[in-house]
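Okay, so the sequence shown: first residue is 0 according to numbering that gives the first Met the number 0, each after it adds one. The structure under discussion appears below in the form of structure tokens.
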Amino acid sequence: MFKQILFAALLLIVQGCAIQETPLEDANTVPESVHNLIYEKFPDARNLSSIVIEKNKVYEVTFKLNDDKYSVVANGKGIISTARTTGEAIPDSLVNRLNNTIIKGGTFSDYRIITLIDGYPPHPTVNYRLNGTDFVLTLAGSVFMAPYTKMILLWNLSDLPDKIVQFIDKRNKPNPAFVNTLVNLNQQTRDSLKVNNELSFRGAILYVNSDGTKTYEVNVSYFGATSQRLLFTGSGDLIWVSSFNAIRQYDQDLTKRNFDTNLTLKEMMTFTDILRASSHFFGFSLDVSDNLQNSFRNEYAGLTSYTLFLSNNSPDRWTLYYDANKKLIFPVYSAGW
Numbered sequence: 000m001f002k003q004i005l006f007a008a009l010l011l012i013v014q015g016c017a018i019q020e021t022p023l024e025d026a027n028t029v030p031e032s033v034h035n036l037i038y039e040k041f042p043d044a045r046n047l048s049s050i051v052i053e054k055n056k057v058y059e060v061t062f063k064l065n066d067d068k069y070s071v072v073a074n075g076k077g078i079i080s081t082a083r084t085t086g087e088a089i090p091d092s093l094v095n096r097l098n099n100t101i102i103k104g105g106t107f108s109d110y111r112i113i114t115l116i117d118g119y120p121p122h123p124t125v126n127y128r129l130n131g132t133d134f135v136l137t138l139a140g141s142v143f144m145a146p147y148t149k150m151i152l153l154w155n156l157s158d159l160p161d162k163i164v165q166f167i168d169k170r171n172k173p174n175p176a177f178v179n180t181l182v183n184l185n186q187q188t189r190d191s192l193k194v195n196n197e198l199s200f201r202g203a204i205l206y207v208n209s210d211g212t213k214t215y216e217v218n219v220s221y222f223g224a225t226s227q228r229l230l231f232t233g234s235g236d237l238i239w240v241s242s243f244n245a246i247r248q249y250d251q252d253l254t255k256r257n258f259d260t261n262l263t264l265k266e267m268m269t270f271t272d273i274l275r276a277s278s279h280f281f282g283f284s285l286d287v288s289d290n291l292q293n294s295f296r297n298e299y300a301g302l303t304s305y306t307l308f309l310s311n312n313s314p315d316r317w318t319l320y321y322d323a324n325k326k327l328i329f330p331v332y333s334a335g336w
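Shown next as structure tokens:
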């Protein structure tokens with residue numbers, strides 16, 4: 000799922016609603032050097048508007064160039080990403096396509112085509128209000144929908160809040176004592192993991208809401224063996240982890256994983272009630288298809304969280320992230336044909 004989200008992240012600038020976290024900084028503190036970067040690459044840019052994404056680290060500058068709207072994300076060293084948005088009318092083909100999904104019936108607004116300057120193909124993007132909730136919907140080979148206003152891809156750990164940097168740096172070293180507890184693995188496999196860093200940063204996605212609040216999704220390599228994700232608040236507090244504990248579900252040479260759920264009966268009953276109570280997830284339950292086998296309790300760094308992968312024997316998919324209190328943090332819908 001991360002690859003799908005990461006691909007959608009390349010769209011960069013979208014409108015909707017998102018996770019409530021820490022507000023962005025005052026726009027007036029954007030350094031002049033950042034504006035100079037813009038004028039160096041886009042000398043005809045006009046009507047510049049700037050905000051601080053991460054204080055003293057990352058900034059966003061929007062401007063007009065010809066008839067298009069541009070959005071540039073930059074740090075102190077250079078431009079991180081650039082997107083061009085060209086507004087068009089909502090085509091009937093998009094509406095008809097949505098009418099063949101379980102998310103039909105929502106209302107559209109602010110349809111636009113987002114084209115990345117660095118060669119990526121243009122993608123239709125639109126705000127979509129469904130059952131009282133605002134989402135952003137994109138089409139990139141498949142339908143992708145999630146609650147946010149902006150997605151910004153960050154490749155440098157140093158561009159993240161200091162608290163997140165410290166969390167990753169603290170674990171960016173081998174942890175042989177923990178590896179020795181992985182008795183499901185044979186000695187040869189454990190020995191190979193002991194020399195690898197526990198966490199290695201691989202990239203991050205910043206989700207931003209319309210009120211400026213933000214959440215960071217950080218992708219890491221776990222002992223060089225699996226790819227895992229963590230969600231942090233804008234202030235750097237950890238709120239969700241992916242299935243780090245699944246390393247204990249692998250066979251002795253780390254080639255095959257047992258995908259049976261680790262949810263308790265009580266947890267299953269709780270999530271069954273949660274899903275029944277939501278109009279968004281009508282028709283989706285843990286006892287349909289292989290949903291239960293693909294739903295897990297995740298544990299890492301003293302935090303418990305949950306992931307539900309839900310389908311209903313159709314192309315429609317929901318991926319739901321819940322915190323330790325079983326509060327929904329982030330719902331992602333996707334469908335491909």
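Here a beta-carbon is modelled for each residue, glycine too, at the ideal position from N, C-alpha and C. All values derive from a computational prediction rather than experimental measurement.
* Assign T231 to one of two classes, buried (16 or more other C-beta atoms within 10 Å of its C-beta) or exposed (fewer than that). => Before going on, a small fix: residue 231 reads as Phe here, not Thr. Under this definition F231 is a buried residue.
* Nearest to I113 (by Cα), restricted to the options F107, L138 and N98 -> L138
* Of all the beta strand (DSSP E) runs that stay within the bounds of the stretch 144–195, which reach a length of 3 or more residues? -> 149–153
* From this set, V164, R296, L129 and S199, which residue's C-alpha is nearest Y320's C-alpha? -> R296
* Asked: Measuring CB to CB, does Y223 end up less than 9 Å from S199?
  -> It is Gly, not Tyr, that sits at residue 223 in the sequence shown. A contact, by the Cβ cut-off of 9 Å.
* Whole alpha helix (DSSP H) runs in the stretch 264–302 with 4 or more residues, listed along the chain? -> Whole alpha helix (DSSP H) segments, 4+ residues: 264–276.
* Asked: What first and last residue would you give for the alpha helix (DSSP H) that runs through I37?
  -> E31 to K40
* Do you know offhand how far K338's Cα is from F134's? -> Here the chain comprises residues numbered 0 to 336, so residue 338 is not present and cannot be evaluated.
* To do: Quick one: using the 10 Å Cβ neighbour count with 16 as the cut-off for buried, is A334 buried or exposed?
  => Buried.
* Q251 (DSSP reduced to helix, strand or coil) -> Looking at Q251 - three-state DSSP - the assignment turns out to be coil, as it is neither helix nor strand.
* In terms of alpha-carbon separation, which member of V57, N244, Y206 and G202 lies closest to L156? -> G202
* Below 7 Å CB to CB, which residues in the same chain sit around W154 once its five sequence neighbours on both sides are set aside? => G202
* Y110 versus P121: straight-line alpha-carbon distance, rounded -> Distance between the alpha carbons of Y110 and P121 is about 13 Å.
* **Neighbourhood of V72 by C-beta, 6 Å cutoff - its chain only, sequence neighbours within 5 removed** => Taken in chain order, the residues that qualify are E59, I79, S80 and I151.
* Since R96 is in the alpha helix (DSSP H), which residue starts that stretch and which ends it? -> D91 to L97
* To do: Determine the DSSP secondary structure at F243, reduced to helix, strand or coil.
  => helix
* Asked: From K325 to T303, what distance separates their C-alpha atoms?
  -> Each residue's Cα considered, the two are about 10 Å apart.
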